Amino acid sequence: MSSQGNKVVVIGGGIQGCATAFFLAKRGQKVTLIEKDRIGRHASGVNAGGVRRLGRNILEIPLSLAAMDIWQNLYQEIGEYAEDFHPCFYLKVAVDEAGRELGLMRAANLREAGFTHEVWVEDDVIQTRLPHLSIPTHGGLIVEGDGWATPWRIVQGFANAAKKNGAKIIEDCYVNSLTQSQGLWQIQTLKGLFEAGTVVNCAGAWAADIARSADDYIFPLESFAPMLVVTERRPKILPAVMGVLSHTLSLKQLENGQFVIGGGVRSKANHLINQSDVSLQKLSSSIKLAAKLFSEIGNAQVIRCWSGIEGYMPDELPIIGRGRRNGLFHGFGFSAHGFQLGPGVGEALADLVMGQQPRVSLEAFRPDRFIN
Amino acid sequence: MNLNHHYDLAVIGAGPAGMAAAIEASRNNMKVLVLDDQTAAGGQVYRQIDRNYHKNDKLFFLGEDYWLGKKQVEDFKHSSAEFFPESRVWQITQDKHVFFSRKGRAYQVEANFILISTGATERPMPILGWTLPGVMSVGGAQTLLKSNNSGADGAVFAGSGPLFYLTIWQYLNAGFKVGAVIDTAPGRLSWSHYLWALPALLQLNLLLKGLRWRSHIRKNTKYFSEVRSVSISGQSTAESVSFLDKYGEKKKLYASHVFLHQGVVPNVNLTMATGLKHYWCPRQLCWHPETNIYGESSLKGIYVAGDGSGIAGASAAILAGKTAAKHIVQYSRRPSIFITFLSKLKRYKHVAARPFLDILFCPPKEWRVPFEDETIVCRCEALKKADISSAISLGVAGPNQLKSFCRAGMGRCQGRMCGLTIQKMIAEYNNISEKDAGYYRLRPPIRPLTLGELASLAED
């Protein structure tokens, strides 16, 4: 095999790609990361920054817990950028009986499956933890140690740490085509030809196009733009990240006092032309709910609204694993909940590329699960 | 509030262009909605004309050009257009839904056509001390004069441009004492000035009026021409203005009020956030929405008229509003080449002097990018020139990327106060054109909106 054969090219400079490049470089692999725009330009850089294990699909929990181990020791991996991770607690409250039933059922299921990180608490606990809450709740689920991070900084941190370990990072490098000959991948880009024995496809909303170009599986990936609003600075009243059971809402208050509200509300996106919409009115019911929880929030002025382009899978579970073609690996389709998973995915993909067994099973994320 | 869900035409901004369009369209039996964030129609130029007219001593110091607006406001009030003042439009979607807030609630309407006539905004003049209390824009000073008949005796005016001279002239007429006028316009004229002065003769009246204002100001104020290096200092409020006069001599004047001005630029926040295509106008040094001669933008059925599509003044705005409305009324019929030619000709009478004025008052770099490192550039995030420069040197390709590095432009003004400065700084550092440096990606809501207002849109 030529000297190119043991090289790895990671496509996509989001959190998944940067974390993958980092773990590979750290273990001595020759890695080049290519990004068609800029590091953290899309969903990875502009998401709500929730670092949560709470409320995850039960199939995703082992990976999420593995990722959390890395988050908790993030300083060792990415240095000062880790200061932009703020652990606190994550609380998903029930505002009606339906929510309570749902939450209690989930708590029982998790207990049965042996998970202890997410537990049910009653309203008295919630009121003590959140003294500024305007309404009584019907209880809720809590995870201690979950929190939020400034997403763009964390992605940048992984990119920088990868570079420090010898990885090359090339921005503004759009991939035109991906072909394999004699066991070697040839990646034609706007910045010339790259050759590598292994390619890791972390191209987010663009990953299905990459896979198609490589003559790999055809993935049923769709693009949407999850939206967020951020308000002016207000007095601090919320020390946690919050959600509401059986509603789409994610609510937090940054250290400078700004509220950030999002939570899975999708807007239209066209990944082919890097375009995403914001339709604020779609957020109105989430915001109404937030203002019900904390009446103070209603007075806060919106100063910005944004969205990032993200790839969604039909079952809202990611694709992580080996592709159909030799030497091609995939890590994408996180359906707007991949930010916390990122470090765990990076480590798992590095394991796969190096022929090692990842520390958690990736069975639920098999790339061929949609292929009959 | 008696609001329908659907209109033929929604007009955003009740200034000269918006009113003209509303009058013309409603005359042609269109169902027209007009939204404006002020308490009365008139825009910036005819601000509070109705109220001022009904005062016993009509405020004649505002000048005949101001009172020309009276008839238009009357016609507008008598038209069948539905007018909702105090409405802040914060989003227009490409499928022509208009979202706005009014008195604590948000509303949504749909229209077949939309005309954006949100006018101009003043170009920021970032000099040392421009964020001190007591310093404001000349436009702000004029607003106070028009809406409350109030002003500050002894204020120093620094800058240049038509609105600069007009406002000082109005100030003097109103009986306020002007501390001094610090004119930053470069003195020497070049051959290109004389070249553009020829077509400008078609608007001779306008030029003569400007000269009259200027000579009146020279006679009645302490006047300094060809001034450079202006800065304002003071402990907690403005106390003095320092500058170099045309002989290079250092001067210091004491003043508690300083009014700054470097011309006006289209207010592109709404047009950009709506997704209309824009181009960089090298003569006016600002972004303009792309439109055809009728004002139709790159998005079918969405029009832009008035100073918001390029600075041309009130009379050109009235014509543009009317032209846009006529085009909308006969939308299915494509105008012939001849009609298009006639429209261009008609417009030319109102804009012939514009290139000359643009060149005459083109702000040199000194007034667009501050000289001193300590000067604040982004007011919302309190970022100094040095902060921005060091972020740019990390390898920033454009204003949007800069946001991630230092939060510039992420405050509540959405870049209105820093966008053009930052664009220029990035262009200079990377040795690229201002056009290539680009501008902030603007996103709704482009006007203040509380979460409570937004929540009111939710269905119960």
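Chains as they are written, first to last, in our numbering: chain A, -16 to 355; chain B, 10 to 469. Just so it is clear, CB atoms sit at the ideal spot from N, CA and C, and this is done for glycine as well. Remember, predicted model here, so these are calculated numbers, not experimental data.
Enumerate, from N- to C-terminal direction, the unbroken alpha helix (DSSP H) stretches of 4 or more residues contained entirely within the segment 242 to 303 of chain B. 278 to 282
What are the boundary residues of the beta strand (DSSP E) that Arg305/A is part of? 302 to 305
Just to confirm, are Ala264/B and Val165/B a CB contact at a threshold of 8 Å? yes
Would you say Trp131/A faces chain B, with C-beta separation under 8 Å as the test? no
Examine chain B for any beta-carbon lying closer than 8 Å to the beta-carbon of Met(-16)/A, and answer yes or no. Model confidence at Met(-16)/A stands at a pLDDT of 43, short of 50, so the residue's coordinates are unreliable; what they give is reported in the following sentence. Under the Cβ distance rule, Met(-16)/A does not count among the residues neighbouring chain B, no pair being separated by less than 8 Å.
Within its chain, find whatever has a CB closer than 6 Å to the CB of Val182/A; leave out the 5 residues flanking it on each side and keep chain order. Val(-8), Trp168, Leu311
When you compare only the Cα positions, how much space is there between Leu463/B and Ala115/B? Cα-Cα distance, rounded: 6 Å.
Chain-ordered residues of the segment 212 to 226 of chain A with a beta carbon less than 7 Å from chain B: Those would be Thr214, Glu215, in chain order.
At the 8 Å Cβ level, is Lys19/A part of the contact set with chain B, yes or no? False, the Cβ-Cβ gap to chain B never drops below 8 Å.
Just to confirm the assignment, what range does the alpha helix (DSSP H) spanning Lys271/A have? It spans 267 to 276 - the alpha helix (DSSP H) in which Lys271/A sits, taken as one unbroken run.
Any beta carbon of chain D sitting closer than 8 Å to that of Cys288/A? Annotation note: the requested chain D is absent from the structure, which comprises protein chains A and B.
Could you give the distance in angstroms between the alpha-carbon of His297/B and the alpha-carbon of Gly317/B? 8 Å
Nonlocal neighbours in the same chain, by C-beta distance under 6 Å from Ala19/B, ignoring five residues either side: Leu42, Val107, Ala120, Ile123
Which residues, in order along the segment 413 to 425 of chain B, keep a beta-carbon less than 8 Å from a beta-carbon of chain A? Ser413, Met419, Gly420, Arg421, Gln423
For Gln264/A, return the contacting residues in chain B, with the cut-off set at a CB-CB distance below 7 Å. Phe108, Gln117, Leu466
For a test of the three-state rule: what should DSSP assign to Ser89/B, helix, strand or coil? coil
Quick one: does Gly180/A have its CB under 8 Å from some CB of chain B? no
His320/A - DSSP class collapsed to helix/strand/coil: coil
At the level of alpha carbons, what is the spacing between Thr15/A and Thr162/A? 17 Å
Would Gly62/A pass as an interface residue toward chain B - the criterion being a Cβ-Cβ separation below 8 Å? no
Presumed contact (8 Å Cβ cut-off) between Ala273/A and Leu460/B, rounded CB distance: 7 Å
First through last residue of the alpha helix (DSSP H) which encompasses Asn229/B: 213 to 229
Per-residue contacts from Gln271/B into chain A (C-beta, under 7 Å): Around Gln271/B, no beta-carbon contact reaches into chain A at under 7 Å, the shortest distance being about 26 Å.
Could you name the residues of chain B that Ala274/A contacts, counting a contact when the two beta carbons are closer than 7 Å? Leu460, Gly461, Ala464
Figure out for me which residue from Tyr288/B, Gly404/B, Pro208/B has the closest Cα to the Cα of Gly319/B. Tyr288/B
Compare the beta carbon distance of Glu154/A and Ile22/A with 8 Å and say whether it is the shorter of the two. yes
Where does Gly424/B sit, in a helix, a strand or coil, going by DSSP? coil
What does Ser229/A reach in chain B if we use C-beta pairs closer than 7 Å? Here the premise fails: no neighbours, minimum Cβ distance about 16 Å.
Could you compute how far the alpha carbon of Gly187/A sits from the alpha carbon of Leu324/A? 14 Å
Does chain B have any CB closer than 8 Å to the CB of Asn56/A? no
So Tyr64/A is in the beta strand (DSSP E); what residue range does that whole segment cover? Per DSSP, Tyr64/A belongs to no beta strand (DSSP E) and is neither H nor E.
Can you name the start and end residues of the beta strand (DSSP E) that Gln117/B belongs to? Segment 114 to 125, the beta strand (DSSP E) holding Gln117/B.
What do you get for Ala334/B, buried or exposed, if any count of 16 or more other CB atoms within 10 angstroms of its CB means buried? buried
contact_flag[the segment -2 to 16 of chain A, the segment 132 to 151 of chain A] where n(CB pairs < 8 Å) is 3 or more: In this structure the segment -2 to 16 of chain A lies against the segment 132 to 151 of chain A, because at least three pairs of beta carbons, one per stretch, are closer than 8 Å.
Contact the segment 245 to 254 of chain B vs the segment 404 to 417 of chain B: 3+ CB pairs below 8 Å: With a cut-off of 8 Å, the segment 404 to 417 of chain B and the segment 245 to 254 of chain B do not count as touching, because too few Cβ pairs lie within range.
Can the beta-carbon of Gly306/A be found less than 8 Å from the beta-carbon of Gly166/A? no
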